[in-house]
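Here the sequence shown stands for residues 1379 to 1694, numbered as in the working numbering.
All C-beta atoms in this analysis are idealised placements derived from N, C-alpha and C, irrespective of residue type, glycine included.
These notes concern the structure reproduced below.
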Amino acid sequence: MRIAVLAGGVGAARFLQGLRAAEPDAEITVIGNTGDDITLFGLHVSPDLDTVMYTLGGGINAEQGWGRSDETFTVLAELTEYGTGPGWFGLGDRDLATHIVRSKLLAEGRPLSEITAMLCDRWRPGVRLLPMTDDRVQTEVTIEADGAERTVHFQEWWVRLHAAVPARRITPAGAESARPAPGVLEAIAAADFVLLPPSNPVVSIGVILAVPGIAEAVSAKAVVGVSPIIGGAPVRGMADACLAAIGVPTTATAVAAHYGPGLLDGWLVDTQDKQAVDAPELAGIEVRARPLYMSTPALAADIAAAAVDLARQVSR
Ligand code: FO1
1379 MRIAVLAGGV GAARFLQGLR AAEPDAEITV IGNTGDDITL FGLHVSPDLD TVMYTLGGGI
1439 NAEQGWGRSD ETFTVLAELT EYGTGPGWFG LGDRDLATHI VRSKLLAEGR PLSEITAMLC
1499 DRWRPGVRLL PMTDDRVQTE VTIEADGAER TVHFQEWWVR LHAAVPARRI TPAGAESARP
1559 APGVLEAIAA ADFVLLPPSN PVVSIGVILA VPGIAEAVSA KAVVGVSPII GGAPVRGMAD
1619 ACLAAIGVPT TATAVAAHYG PGLLDGWLVD TQDKQAVDAP ELAGIEVRAR PLYMSTPALA
1679 ADIAAAAVDL ARQVSR
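Laid out in structure tokens, this is it:
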């Protein structure tokens, strides 16, 4: 079985851990969001790709969900002593090695897709991990500051401002002229079905789908998503702040309606949201309710198995 998965960071990584356990023989291709990528201290940081790679490769800080296990922050502290910032983005010493390798190879002219494969040679995540594009796409957030509009990098809004300042607009800058990375469209076309993990519908899945060609390729397949919203709140992260920026209510039903029946064939919601099963606005989408909290790897595997089961049903 071949499965393509569009992935953000922590939620996707935990879901993928479950999927790998539930379907050990499946060929899984993960198409990762790179709109969150940021250049810091001259280094290219790819938070979502790294979160998936470290989680599946056994090197994640499991409690936090991002960054390396057994991490120290000596370099960041030294940089702060030099007055060189930003100090608000917690780049650890072990993690920095990944960004140094990636940046060195990028400077040599290698594409991000090739570099990601090289990094995965070390981590062996058990899936094929592809960036959505080798081109530069940067998610930008327009906020209001002192009565004027200001546009900041997604990470500044998310990490420094804790998404507490309302976003007027969220823009995947550069997406319109980006091309899918080599292998992305082929993996989607070859997949038996596509899964959308409980990732942020706006800044993770939405940004991947904004790369020309990807939404069309995905729509041609059976697609099953797992709701990132349970009982009117994001399972983790601040997806509610992102949904507010695009005028979508923070409910499992509204997120599925936002994707729409043209993209989505099946939708898993939590039992708390079981009214979505019969919601008239989700006509054309097969909705199933089951417990969706991925609090242990075993529960993540159960959810992944349920997503695969639904995907098989809607593929028929
Ligand atoms: N998230 C934070 O909330 N604070 C941090 O200092 C932080 C550092 C960081 C470093 C490397 C990395 O790969 C991820 C990091 N994240 C941090 C997570 C990241 O900002 C976001 O959660 C994702 O980009 C959203 O998927």
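| Asked | Found |
| --- | --- |
| The alpha helix (DSSP H) that contains His1477, what's its start and end? | Asp1471 to Ala1485 |
| With a Cβ-Cβ cutoff of 8 Å, do Pro1639 and Ala1654 count as a contact? | no |
| If we count Cβ pairs, one from each stretch, closer than 8 Å, do we get three or more for the segment 1621 to 1631 versus the segment 1415 to 1429? | no |
| For the ligand FO1, I want to know if Ser1447 counts as a neighbour, meaning its beta carbon is within less than 7 Å of at least one of the ligand's heavy atoms. | no |
| Which runs of the beta strand (DSSP E), 3 residues or longer, sit entirely within the segment 1626 to 1692? | 1644 to 1647 and 1664 to 1667 |
| Here's a check: name, in chain order, each residue in its chain whose Cβ is nearer than 6 Å to the Cβ of Asp1651, leaving out the five neighbours to either side. | Ala1630 |
| With a 10 Å radius around its C-beta and 16 neighbouring C-beta atoms as the bar for buried, classify Ser1673 as buried or exposed. | exposed |
| So, do the segment 1382 to 1401 and the segment 1573 to 1586 have three or more beta carbon pairs nearer to each other than 8 Å? | yes |
| Using the beta-carbon count (16 or more within 10 Å), is Thr1517 buried or exposed? | buried |
| Roughly how many angstroms separate the alpha carbons of Pro1503 and Arg1547, rounded to a whole number? | 34 Å |
| From Arg1666 to Ala1399, what distance separates their C-alpha atoms? | 21 Å |
| Could you tell me which residues DSSP puts in a beta bridge with Ala1707? | Residue 1707 lies beyond the stretch modelled for the chain, which goes from 1379 to 1694, so this question has no answer here. |
| Buried or exposed for His1477, going by 16 or more other Cβ atoms inside 10 Å? | buried |
| Run the CB neighbour count on Pro1402, radius 10 Å, all protein chains shown included, and call it buried at 16 or more, exposed below. | exposed |
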